[in-house]
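*Asks:*
Residue numbers (the working numbering): -14 to 53.
In C-alpha cells form, the structure reads like this:
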C-alpha cells in the first residue's frame, strides 16, 4: 500500500458510521411541513415552533432501543 491508501484507510476508520433512523428521537414529516408553509406563502424557517410541532412525532422505537 502506498501513502495515499494508508491515509484513506486511516480516515475511513476515524469517520462516523451511518445513523440508524430508528435511533432518532423524533420524526418530522418534511413534505407536509413544506406544503403547509407553501400554502401560507412563507418559508419554513419563518413558521412558529408550535406550527412546526404539528408535523413532529416522537419515535417510540428509539425509546425501546435506548432502554435495551
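Here a beta-carbon is modelled for each residue, glycine too, at the ideal position from N, C-alpha and C.
(1) Quick one: measure Cβ to Cβ for residue 22 and residue 32, integer angstroms, because I've assumed they're closer than 8 angstroms.
(2) Less than 8 angstroms separating the beta-carbons of residue 7 and residue 40?
(3) Any idea what DSSP makes of residue 29, helix, strand or coil?
(4) Note down, in chain order, each residue of its chain lying with its Cβ closer than 7 angstroms to the Cβ of residue 28, except the 5 sequence neighbours on either side.
*Replies:* Short version:
(1) Working through the chain shown from its first residue, we reach residue 22 at position 37. Working through the chain shown from its first residue, we reach residue 32 at position 47. Indeed they touch by this definition, with Cβ atoms about 6 angstroms apart.
(2) Position 22 of the chain shown, counting from 1, holds the residue named residue 7. Position 55 of the chain shown, counting from 1, holds the residue named residue 40. Cβ distance not < 8 angstroms, so residue 7 and residue 40 don't count as in contact.
(3) Position 44 of the chain shown, counted from the start, is the residue given in the question as residue 29. Residue state, collapsed to three classes: helix.
(4) In the chain shown, the residue the question calls residue 28 occupies position 43. Taken in chain order, the residues that qualify are 22.
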